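Protein sequence lines, in the order shown, are assigned to chains A and B.
Quick note: the first sequence uses this note's numbering, first residue -3, plus one each step.
Quick note: the second sequence uses this note's numbering, first residue 283, plus one each step.
Each remark here refers to the structure printed beneath this line.
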Amino acid sequence: SQQGEEDPQALSIQEGENATMNCSYKTSINNLQWYRQNSGRGLVHLILIRSNEREKHSGRLRVTLDTSKKSSSLLITASRAADTASYFCATDARGNTGKLIFGQGTTLQVKP
Amino acid sequence: DAGVIQSPRHEVTEMGQEVTLRCKPISGHNSLFWYRQTMMRGLELLIYFNNNVPIDDSGMPEDRFSAKMPNASFSTLKIQPSEPRDSAVYFCASSFQAHNYGYTFGSGTRLTVV
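Right, dumping it as structure tokens:
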């Protein structure tokens, strides 16, 4: 069963705008991770946030985590056409030995 | 490092044939994961290994699927006999201390069973 549920399923924005994607999950976690997948390619790890962290930044990416609401968000600022991809959240559930369960993903299109 | 290497990139086979997918993880990574991706079901974890030992194979669909990791640098996923519903993209990923670091994914094998 899927642990993470992304919202929205699809998002279309103009270059330069910000993109926000949300992820909800069901059980307690050790950490939550975000990945990007370009069409026809493998997934690329973007950022990992631990259960005791609330916010994390990496370049134009900002991730927040609210464990009380079991939710996370990924913000991409000043988007570029090259950011067009699918974005997945993945949870490392507490009690598991490091396996990740992925959500269905958000498809982001950034128009030039 | 060349990353996680999967072969073949594409495989087209007839129903009933045996299919073997291969994966070479990143040197030094101690965990290896096999995922399957379809439009309908998304990314599903099939099996994962820690230090070459299978830890959780609860995602393997049925007895037609088997996976091995004979050493730290090689793993196979075998489907015998293959069926059209096995058509999907199969990804291998590896990680060092999976609790603390993200996965590195291979480019995947696109399997089509006709």
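Even glycine gets a Cβ: it sits at the ideal position worked out from N, Cα and C.
In this text the structure is predicted, and so the values were computed from the model without any measurement.
I want to verify the contact list: residues of chain A whose CB lies under 8 Å from the CB of F356 of chain B, in sequence order. By Cβ distance, chain A contributes nothing, its closest Cβ being about 18 Å from F356 of chain B, past 8 Å.
What is the C-beta distance between D88 of chain A and H381 of chain B, in whole angstroms, given that I count them as a contact (C-beta under 8 Å)? 7 Å
Identify whether P307 of chain B lies in helix, strand or coil by the three-state DSSP scheme. coil
Buried versus exposed, by CB contacts within 10 Å (16 or more), R318 of chain B: buried
What residues of chain A sit near T386 of chain B, judged by a beta carbon separation below 8 Å? H41
Mind pulling the chain A residues with CB within less than 7 Å of Y330 of chain B? K95
Where the beta strand (DSSP E) containing D88 of chain A begins and where it ends: A81 to A89
Any idea what DSSP makes of A74 of chain A, helix, strand or coil? coil
Look at the alpha carbon of I337 of chain B and the alpha carbon of C374 of chain B, and state the distance between them as a whole number of angstroms. 15 Å
Any Cβ of chain B within less than 8 Å of the Cβ of N18 of chain A? no
Neighbourhood of S82 of chain A by C-beta, 6 Å cutoff - its chain only, sequence neighbours within 5 removed: Q33, G101 and T103
Quick check on DSSP: helix, strand or coil for P366 of chain B? helix
Does the beta-carbon of I97 of chain A have 16 or more other beta-carbons within 10 angstroms, so that it is buried, or is it exposed? buried
Alpha carbon to alpha carbon, what distance is there between P307 of chain B and G94 of chain A? 16 Å
Could you tell me which of A:S75, A:A77, A:N27 and A:T60 sits nearest to S69 of chain A, measuring between CA atoms? A:T60
Do the region 343 to 356 of chain B and the region 381 to 393 of chain B make contact, defined as three or more Cβ pairs closer than 8 Å? no
Cα-Cα separation, T63 of chain A to V301 of chain B: 42 Å
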